[in-house]
Structures are given as structure tokens and as C-alpha cells.
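Report on the following structure.
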Amino acid sequence: MSAVDIAGLAKEDIERVVRTVLAKHLRPAAAVPSKAPNPLLVNISARHCHLTDEHIEILFGKGHKLKPTKWLYQKGYYAAEETIAVVGPRRRMLPEVRVLGPSRGASQVELAFTDSISLGLDLPVRISGDVAGTPGCLLVGPKGSLELKEGVIRAMRHVHMSPADMAWYGVKNGELMQLKITSPGCSTILEDLAVRGGDDKIKLEVHLDTDEGNAVNLTKATKVELLKSAGGSCGCHK
Numbered sequence: 329m330s331a332v333d334i335a336g337l338a339k340e341d342i343e344r345v346v347r348t349v350l351a352k353h354l355r356p357a358a359a360v361p362s363k364a365p366n367p368l369l370v371n372i373s374a375r376h377c378h379l380t381d382e383h384i385e386i387l388f389g390k391g392h393k394l395k396p397t398k399w400l401y402q403k404g405y406y407a408a409e410e411t412i413a414v415v416g417p418r419r420r421m422l423p424e425v426r427v428l429g430p431s432r433g434a435s436q437v438e439l440a441f442t443d444s445i446s447l448g449l450d451l452p453v454r455i456s457g458d459v460a461g462t463p464g465c466l467l468v469g470p471k472g473s474l475e476l477k478e479g480v481i482r483a484m485r486h487v488h489m490s491p492a493d494m495a496w497y498g499v500k501n502g503e504l505m506q507l508k509i510t511s512p513g514c515s516t517i518l519e520d521l522a523v524r525g526g527d528d529k530i531k532l533e534v535h536l537d538t539d540e541g542n543a544v545n546l547t548k549a550t551k552v553e554l555l556k557s558a559g560g561s562c563g564c565h566k
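Sequential numbering of the sequence shown, starting at 329, is according to my numbering.
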């Protein structure tokens with residue numbers, strides 16, 4: 329704050345200058361609302377896959393378009409009517425893995441830990457879209473099949489946040505948080521919840537996989553809270 333020359337001013341003028349300076353420099357940040365801008369929702373994200381337009385045509389036929397059967401919490405995203413079989417090493421298979429829409433720029437399969445055991449795959453925990461160096465699999469649809477060279481992951485638990493949500497909780501895209509869950513017999517705190525920052529249209533939503541949701545008895549939870557971690561980043565903002 330630069331110096332203000334008040335020499336020779338009358339008392340009332342000094343008071344006016346002081347009030348003006350304080351109002352300018354000590355005003356609370358308007359970007360942070362007085363209460364949480366959005367309610368917190370925690371959802372279980374079951375095994376699913378994302379497909380490119382090219383792979384949709386290979387698996388379901390030329391010119392095929394995904395058919396929405398259930399709209400998801402985030403606007404514009406949906407569970408499709410279509411399912412595929414995911415085949416791992418030694419022909420171990422998950423016969424009906426739901427396709428989520430809309431189509432993406434790269435195909436990807438997201439599974440829980442028990443799914444990876446069933447398939448015989450050692451899957452890394454990754455943020456969606458971070459598939460470099462991950463295992464592949466065989467995808468089989470009603471009209472064809474294809475070998476996915478990479479793209480099978482265990483999805484890292486994460487929370488979708490708008491800019492207002494991130495301001496309220498005091499976090500940035502890529503940082504890690506904690507999720508405190510109060511439920512009968514198995515209340516716990518889940519560490520390493522990655523912040524996925526988006527635009528103003530994003531709703532505040534946590535995604536856990538089926539193993540995590542079952543372990544904390546999420547369907548019977550009486551309270552869920554987001555907490556700031558001591559520090560750390562998942563690297564997904566790079």
C-alpha cells in the first residue's frame with residue numbers, strides 16, 4: 329500500500345481518506361461466496377468405457393450413433409444403451425461393460441480393482457484421459473472387435489468442481505482433497521481425492537468406483553464432507 333499525504337487536512341477529511349483507503353484495500357474477496365455455492369453429491373461410477381466415433385462404428389456397425397438411456401448428473405453426459413465385452417489375458421472377460429457418451433477423442437476403459445483381478449490385469453490408478461503406458465485389452469461388440477493397445481485404468485477417485493466450488497474450498501485444479509464419510513459401522517476418510525476443475529456449468533460431484541463405494545457403505549451414509557489435504561497434487565493439471 330503506497331503512502332497517502334494527509335498533511336494539512338482537517339479531521340473530517342482525514343477520516344474520509346482513511347475510510348476510502350480501507351474500503352479499497354481491505355474489501356473481502358467477492359469471488360468467494362458466503363456459503364457453499366453447490367450441494368455435494370457423491371456417486372458411484374461403475375465400470376464403463378468411452379469410445380471414439382471410429383471405434384463405435386467398428387463395434388456396432390457403420391454409421392452407428394450411441395443411444396442415451398440415462399442422463400448423468402453432469403449436463404450433456406449419459407449412459408448409453410450399448411454395452412461391449414472387455415476381454416483380458418487368458419480370455420478372461422467382463423461381458424457387459426456400459427458405454428458412456430458422448431464419444432471421445434480416445435477410447436478408454438475404467439474398471440474397479442476387483443474387475444482388474446477378474447481380468448488378470450495389473451491396472452494403474454489414473455485420472456481419466458491419462459492412459460499413456462497403461463494395459464490394453466480386446467473390445468468385442470455385436471458387429472466387430474478391436475484390440476485396444478492401451479487405455480485400461482482404475483479411475484482415481486475425484487471431485488468435479490466449478491470455479492466457484494474451488495474458490496469456496498480453497499483448492500485448485502489437480503490438488504488433492506479428503507472425503508469424510510459417516511456411515512453405519514464404517515465411517516472413514518478417503519485420502520487422495522483429485523480435484524477436476526471445470527467451467528461454471530460443472531456440478532459439485534465426487535466419483536468413487538464400486539469397490540470404494542461398497543467399502544464405505546455409501547448407500548447408507550448419513551453425511552459426506554470435503555476436507556482440504558495437507559498438500560500434494562495428482563499431476564492431472566499439467
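All residues carry an ideal CB built from backbone N, CA and C; glycine is no exception.
| Check | Outcome |
| --- | --- |
| Would you give the residue range spanned by the beta strand (DSSP E) that Y406 belongs to? | 406-415 |
| Hey, I372 and T538 are a contact pair by Cβ (cut 8 Å); roughly how many whole angstroms apart? | 6 Å |
| Which same chain residues, not among the five before or five after T550, have their C-beta less than 6 Å away from its C-beta? | T510 |
| Quick one: what does DSSP say L554 is sitting in, helix, strand or coil? | strand |
| Is the beta carbon of L368 closer than 8 Å to that of G469? | no |
| With the cut-off set at 8 Å, would you say A522 and I445 are in Cβ contact? | no |
| Which residues in the same chain as N545 place their Cβ atom closer than 6 Å to its Cβ, once the five residues preceding and following it in sequence are excluded? | S511, C514 |
| Using the three-state DSSP reduction, which class does S473 fall into: helix, strand or coil? | strand |
| Near L447, which residues of its chain fall below 6 Å by C-beta distance, leaving aside the five closest residues on each side in sequence? | G416, R420 |
| So the candidates are D443, T547, E382; which of them puts its Cα closest to the Cα of K390? | E382 |
| For V398, which residues from the same chain have a beta carbon less than 8 Å from its beta carbon, with the 5 sequence-adjacent residues on both sides left out? | A small correction: the amino acid at residue 398 is Lys; Val does not occupy that position in the sequence shown. Excluding positions up to five away in sequence, the list reads Y406, A407. |
| Look up R355 in the DSSP assignment and say whether it is helix, strand or coil. | Note that R355 scores a pLDDT of 46, beneath 50, so its modelled location is shaky; the value from the coordinates is reported in the next line. Of the three classes helix, strand and coil, the one that applies to R355 here is coil, per DSSP. |
| Let me know the alpha helix (DSSP H) ranges lying completely inside the segment 365-392, each 4 residues or longer, listed in chain order. | 381-388 |
| Pick out whichever of A460, Y497, R432 has its Cα sitting closest to the Cα of A364. | Y497 |
| Kindly indicate which three-state DSSP category M489 falls into: helix, strand or coil? | strand |
| Mark T442 as exposed unless 16 or more other C-beta atoms lie within 10 angstroms of its C-beta, in which case mark it buried. | exposed |
| Leaving out five residues on either side along the sequence, give the residues of the same chain with a beta carbon under 6 Å from the beta carbon of A492. | P365 |
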